[in-house]
Amino acid sequence: MTLIELDHVNFRYPQAQSTALTDISLTIEEGERVAVVGANGSGKTTLGRLLNALYLPESGQVSIAGMDTRRMELHRVIRQVVGMVFQNPEDQLVAAVVEEDAAFGLENLGVPTLEMRRRVDEVLHTFDLWEHRQRPPHLLSSGQMQRLALAGVLVVEPRVVVFDETTAMLDPAGRRTVMARMDELHQRGATLIAITHFMGEAARCERVVVLDHGRVALDGTPAQVFADAERLAALGLHLPPAADLAQRLRLALPDLPLGILNTAELLAALPNYRGGPAQDLLREDLNVADAPVPVEMLRAEELGYVYLKGTPLAHRALQGVDLNVKTGVVHGLAGATGSGKSTLLQHLNGLLLPQEGRVRVGPYRLEDPKVDRYAVRRLAGLAFQNPDMQLFETFVGDEIAFGPRQDQLSRDEIRARVRWAMEQVGLDFESYKDRRSFALSGGERKKVALASILARKPEILLLDEPMAGLDPRSRGELLAALRRLTILGLTIVISSHQMDDLAGFVDEASVLAHGQNAFAGSVGEVFEREDELLAIGLEAPVAARAALELRRKGWPLAPGLVTPDALLAGLAAIGQGVR
Amino acid sequence: MSEFEFSGNLPFGQVVPGNSWVHRLDPRARILFFLLVLTAVMFTQRPLGLLLGLAAILLGLRLAQLSLRYSLRALRSPLPFLVFLAALQVLFNALPDSVPVLLRLGPISITLADLMAGGMLLLRFATVVLGIGFSGQVLSVSALAHGMETLFAPLEKLKLPVHDAVMAVVVAVRFLPFLALSAERIARAQAARGAQWTRVNGGLFRRIRAQLPLMVPIFITSLRRADTMALAMDARGYASRTPQSTSLIDMRWKRPDTLAMLIAVGLFVAILTF
Numbered sequence: 003m004t005l006i007e008l009d010h011v012n013f014r015y016p017q018a019q020s021t022a023l024t025d026i027s028l029t030i031e032e033g034e035r036v037a038v039v040g041a042n043g044s045g046k047t048t049l050g051r052l053l054n055a056l057y058l059p060e061s062g063q064v065s066i067a068g069m070d071t072r073r074m075e076l077h078r079v080i081r082q083v084v085g086m087v088f089q090n091p092e093d094q095l096v097a098a099v100v101e102e103d104a105a106f107g108l109e110n111l112g113v114p115t116l117e118m119r120r121r122v123d124e125v126l127h128t129f130d131l132w133e134h135r136q137r138p139p140h141l142l143s144s145g146q147m148q149r150l151a152l153a154g155v156l157v158v159e160p161r162v163v164v165f166d167e168t169t170a171m172l173d174p175a176g177r178r179t180v181m182a183r184m185d186e187l188h189q190r191g192a193t194l195i196a197i198t199h200f201m202g203e204a205a206r207c208e209r210v211v212v213l214d215h216g217r218v219a220l221d222g223t224p225a226q227v228f229a230d231a232e233r234l235a236a237l238g239l240h241l242p243p244a245a246d247l248a249q250r251l252r253l254a255l256p257d258l259p260l261g262i263l264n265t266a267e268l269l270a271a272l273p274n275y276r277g278g279p280a281q282d283l284l285r286e287d288l289n290v291a292d293a294p295v296p297v298e299m300l301r302a303e304e305l306g307y308v309y310l311k312g313t314p315l316a317h318r319a320l321q322g323v324d325l326n327v328k329t330g331v332v333h334g335l336a337g338a339t340g341s342g343k344s345t346l347l348q349h350l351n352g353l354l355l356p357q358e359g360r361v362r363v364g365p366y367r368l369e370d371p372k373v374d375r376y377a378v379r380r381l382a383g384l385a386f387q388n389p390d391m392q393l394f395e396t397f398v399g400d401e402i403a404f405g406p407r408q409d410q411l412s413r414d415e416i417r418a419r420v421r422w423a424m425e426q427v428g429l430d431f432e433s434y435k436d437r438r439s440f441a442l443s444g445g446e447r448k449k450v451a452l453a454s455i456l457a458r459k460p461e462i463l464l465l466d467e468p469m470a471g472l473d474p475r476s477r478g479e480l481l482a483a484l485r486r487l488t489i490l491g492l493t494i495v496i497s498s499h500q501m502d503d504l505a506g507f508v509d510e511a512s513v514l515a516h517g518q519n520a521f522a523g524s525v526g527e528v529f530e531r532e533d534e535l536l537a538i539g540l541e542a543p544v545a546a547r548a549a550l551e552l553r554r555k556g557w558p559l560a561p562g563l564v565t566p567d568a569l570l571a572g573l574a575a576i577g578q579g580v581r
Numbered sequence: 002m003s004e005f006e007f008s009g010n011l012p013f014g015q016v017v018p019g020n021s022w023v024h025r026l027d028p029r030a031r032i033l034f035f036l037l038v039l040t041a042v043m044f045t046q047r048p049l050g051l052l053l054g055l056a057a058i059l060l061g062l063r064l065a066q067l068s069l070r071y072s073l074r075a076l077r078s079p080l081p082f083l084v085f086l087a088a089l090q091v092l093f094n095a096l097p098d099s100v101p102v103l104l105r106l107g108p109i110s111i112t113l114a115d116l117m118a119g120g121m122l123l124l125r126f127a128t129v130v131l132g133i134g135f136s137g138q139v140l141s142v143s144a145l146a147h148g149m150e151t152l153f154a155p156l157e158k159l160k161l162p163v164h165d166a167v168m169a170v171v172v173a174v175r176f177l178p179f180l181a182l183s184a185e186r187i188a189r190a191q192a193a194r195g196a197q198w199t200r201v202n203g204g205l206f207r208r209i210r211a212q213l214p215l216m217v218p219i220f221i222t223s224l225r226r227a228d229t230m231a232l233a234m235d236a237r238g239y240a241s242r243t244p245q246s247t248s249l250i251d252m253r254w255k256r257p258d259t260l261a262m263l264i265a266v267g268l269f270v271a272i273l274t275f
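Here the protein sequences line up with chains P and V, keeping their order. So for the first sequence, the working numbering puts the first residue at 3; every next one is plus one. So for the second sequence, the working numbering puts the first residue at 2; every next one is plus one.
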C-alpha cells in the first residue's frame, strides 16, 4: 500500500531565489526502509520536513496515507502517522522532567491520563530510562538524551518515522543502538526514512534515494546506487567503507565478489589462504639511528577532574589519566562519548587546571598556581567540535585575525598570519576573507575555526572531534587540510570516536574509557584490538577487521595493518597483488 | 570552581530529586506554602515573626533532607549587596528624636532602632533568598508548571492562554541550563583563541566590546536552537493539539496537603503578628 506520495513537489524557503526542492515525485510503500542521502544543501532535511507537514509544498502535492498535507485540519493525524527524530536531542526535549517529555506527544493527542501513564511507563522501561524518569533532561548523559528523544516520538506509535541525521554525532555504540531500534521498528512493519551522511547506514536500507541540488539524482536498491563509485563522487558522496575497501582489495584478491556493501558481507567473502608456506618476511628495518631523539611535548600524570565539584551535581570526568606525546607526533585520542576526551584536551591547553595530578605543556607546569594560562593557550591551540561556538565576527578575515590581534601583532603581521592560516586549511585568502562567517557551510566554518586557531601559530594543535557531523565531501577536504598540517611539524592531538578517521591519520593513539586510560600504543597496536574497542563502545576500522579476518583464514599477514593502504601493502609483501 | 562553570551558579532547574515528606506534597500545596510563608516574611514588621519564618525554612530544608551548605551558597553573591543596604539603613535611617541614641558620629546618629531595622532587613532578605532557593530545590519546573496551571485554570474562562503561557515558561526554564552550558562551551572556545575578557580594563565601551565574542555566538546558537525546538514541538503535535489535551500528572489533594496548608496559614498569621 502506498503510504507516502509526493507528486511534482516544489519547495522554496521564504525569500529564497531558487527552489530547495524541484519537481520531486516519489512514492513510498508502507513498511519500506528508505535512506535519503546527498551532499550538504541537497535538500534532504527539507524533504523530511515535507513529510509531516512542518513544511508545505509551494506547488505539487504531498499526501500521507491519502491525506493532503495542505489541509490544516489533518495535521494532527498526519503528525501522529509520521514521527520525526531530529539530530540534536537537546533541541527536541521540551518538558522539564524525563517522563513528562515522553508524554508530550500523547498529551497533545488528548490520550486519557491512565492510558498515558501505562504507555509512558512502558516506553521508559523499553528505553532503559525508568530509573531517570524524574530527572531534568539536562542532567542526562548524551546517550540517555538520545534515547529519550526516540522514546518521545515512538510512544505515539507512528507508522512512519523520519530520522533526520539522528546518528550524525553519535559514537559507534550510540549508532549501533539507534540502528538496532530501527531494525526492530522495521520488523514490526513501520516505515522508516533515514536521512544520513553515513553510506554504511544507507546500505542497510532496502532503497536509497540520492538527492542533488533539490532533485532526485538516483533512486534504487543499495546495490544499484552504490554500483557506480564515480557517479557517487560527482554527487559529493562515496561508497560505504566496506564497499570501498572491497573494491580496493580486488586488486590483490581478484576473486572477491562484486556487490559487497557492509562489513559482515566483506568478512564472509574474504578467501582462505591457499598459497604455500609463508616465505620469510623480510621486514625492512627502519633506520632509526639517524632520527633525532624526540622531545616530550605533553605529559599528563595521574590526572583527575570532577565537574561542578562540591555541588550535588558533581560528576567525575577523569581519574588517574596518563598521557605522553612527543614533539611532532600526531596522537589520536579515542573514546566513546563521555569517556573524558574533551576534558583531557582542555587540560592540555590550560583551559582546565588539574584538580588532581600533574600536567606539563611544553615548558609549563599547570599544577603551578602561578602558571601563565594565556601563554599555555598560545602554545597549544584547541579547536572545538562545534565551530558555531567559537565564531563571532561578521567576516571570515576578522574572525581569523582575532587571535593575532589579541597577541597585539602589527597590521602587516596580522594580515600575513591570516593569509598563511587560510592557505593551510585550503581557504583562498582573496575570495574568502570578506565573506560572512555565518553564511558559510558547516565544512567551511570548520575550516575557518581551524584557521583561527592556526593564526596564532601554536606549536601544539588540539582537535576535538574535528570530523563529527560533516558530510562526506567536507570530511574529505578537512582530512586533506589536516594532512598538510602534519607536514609543518606541529604536535597534534586529535580526538574522535570514529576509528576509521583516526587510523589513516595518526602515528599513535591512546584510548579512554569512563574517564580512565584503557590502552595505548602505535596505530597498528591500538586499532587491531577489535574486541576491546567494541567493549568500550567503539569499532575497529574496517581495514583492521578485514586484516584480522584474513589472518584467521590463514593468510601470513604481518600484524598491525589497520588502513586500506597498509593492508594492500601487507598483501603485496606476501606476493599478493600489485606492489 | 573553574572559571567556566556558569551552570553551577544557576538557581533554576537544579531540582534535587528526593522522596521526603516535602517532595511528596501536592505541587499546589508546595506552591501555596512558599507563597504564604515568603509573603509573610516579606511584609512582617515583627522581629520574632521573622525569626520564626527563618526557623520554618530551615526546618523545611531539614525535613526535605537537603544540604544546608548548598542552600546557603545562594546567599553568597547577594550578601555584600545586602550588607551594604543594611549599613545604609543603620546609618541614614531617619527616626524621631525621642529615640535614645547609642552612638553619634558627626551628623550620623545610630540608635537601637536603626540597628534593629538594619538587622531585620538583612534577616528578611536572607530568609527570602533561602526560601526561594529551597522552593527551587523541591519544586521541579514541571511541578511548578502543573501547579500554576491548575491554580490559574479559572482564568482560561476569561480566554487567557494559561496553557501556552505555562508551556512558554517551562520551555524557557528548561532552556536555561542548556544556555548556561552553551555559554560555558563558548567561553572555553573563545579563551582557547586568546580571549581575555575576565581581565579587560578600560572604559565601558571596551568592556562591552570584550563581551561580544561571548554574546554573538550565544545569540546565534540560541536562536537556531529555538527554531529547531519549535519545529520539534510541532512535529510532536503541539501546534495541532486537541483542545482537550490531557496531562500525565494527575494531581490529587491528600490529607498531608491539607495539614501543610494549615501549618502554612498558621505560620502566615504567626509571622505577621508575633
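Built from N, CA and C at the ideal position, the CB exists for glycine as well.
- Judged by DSSP in its simplified three-state form, residue 61 of chain P adopts strand.
- CA-CA distance, residue 87 of chain V to residue 262 of chain V, rounds to 33 angstroms.
- Using beta-carbon distances, residue 192 of chain V counts as an interface residue toward chain P, with a partner under 8 angstroms.
- Shown here is that no member of the segment 29-60 of chain V has a Cβ falling below 9 angstroms from a Cβ of chain P.
- Residues of the segment 235-267 of chain V with a Cβ closer than 9 angstroms to any Cβ of chain P, in chain order: 235, 236, 237, 238, 239, 240, 241, 242, 243, 244, 245, 246, 247, 248, 249, 250 and 251.
- The beta carbon of residue 243 of chain P lies closer than 7 angstroms to those of 202, 502 and 544 in the same chain, with the five residues before and after it left out.
- Each residue's CA atom was taken as its position, placing residue 205 of chain P and residue 264 of chain P some 7 angstroms apart.
- Not a single C-beta of chain P is nearer than 8 angstroms to the C-beta of residue 104 of chain V.
- Shown here, residue 92 of chain V sits in a helix according to DSSP, grouped into three states.
- Taking 8 angstroms as the cut-off, the beta carbon of residue 163 of chain P is found no closer than this to the beta carbon of residue 38 of chain P.
- Residues of the segment 175-189 of chain V whose Cβ lies closer than 8 angstroms to any Cβ of chain P, in chain order: 175, 178, 179, 182, 183, 186, 187 and 189.
- Distances from the alpha-carbon of residue 393 of chain P to those of V:124, V:217 and V:138 put V:217 closest.
- At a cut-off of 8 angstroms between beta carbons, residue 165 of chain P makes no contact with chain V.
- In the structure shown, the three-state DSSP call for residue 321 of chain P is strand.
- Of the candidates V:267, V:241 and V:53, V:53 places its Cα closest to the Cα of residue 129 of chain V.
- Out of P:478, P:166 and P:516, the CA that lies nearest to the CA of residue 317 of chain P is found in P:516.
- Listed in chain order, the non-local C-beta contacts of residue 177 of chain P below 6 angstroms within the same chain comprise 169, local neighbours out to five positions each way being set aside.
- For residue 72 of chain P, the CB contacts under 7 angstroms within the same chain, skipping 5 residues up- and downstream, are 58 in chain order.
- Judged by their CB atoms, residue 237 of chain V and residue 107 of chain P are nearer to each other than the 8 angstroms cut-off.
- Each of P:190, P:90 and P:413 was checked against the Cα of residue 470 of chain P, and the nearest Cα belongs to P:90.
- CA-CA distance, residue 43 of chain V to residue 223 of chain V, rounds to 36 angstroms.
- In this structure, DSSP gives residue 303 of chain P an extended state, which the three-state scheme calls strand.
- Those residues of the segment 211-228 of chain V placed with their C-beta closer than 7 angstroms to a C-beta in chain P are 213, 214, 217, 218, 221, 222 and 226, ordered along the chain.
- Annotation for residue 380 of chain P: the continuous alpha helix (DSSP H) segment containing it runs 375-381.
- Residue state for residue 162 of chain P is assigned as strand, using DSSP reduced to three classes.
- Collapsing the DSSP output to three states places residue 466 of chain P in a strand.
- Taking 8 angstroms as the CB threshold, residue 456 of chain P stays off the interface with chain V.
- For residue 351 of chain P, the chain V residues whose C-beta falls within less than 7 angstroms of its own C-beta are 193, listed in chain order.
- At a beta-carbon threshold of 7 angstroms, none of the residues of chain V lie near residue 304 of chain P; the nearest stands roughly 19 angstroms away.
- For residue 87 of chain P, the CB contacts under 8 angstroms within the same chain, skipping 5 residues up- and downstream, are 94, 151, 152, 155, 163, 164, 165, 166 and 168 in chain order.
- In chain order, 48 and 51 place their CB closer than 7 angstroms to the CB of residue 121 of chain V, counting only its own chain and leaving out the 5 sequence neighbours on each side.
- In the DSSP assignment, residue 84 of chain P is bridged to P:162.
- Against chain P, a Cβ distance below 7 angstroms from residue 143 of chain V picks out 97, 98, 99 and 102.
- The Cβ atoms of residue 134 of chain V and residue 75 of chain V lie closer than 8 angstroms to each other.
- In this model, residue 190 of chain V and residue 385 of chain P are separated by some 7 angstroms (Cα to Cα).
- Counting only the Cα atoms, residue 229 of chain V lies some 36 angstroms from residue 30 of chain V.
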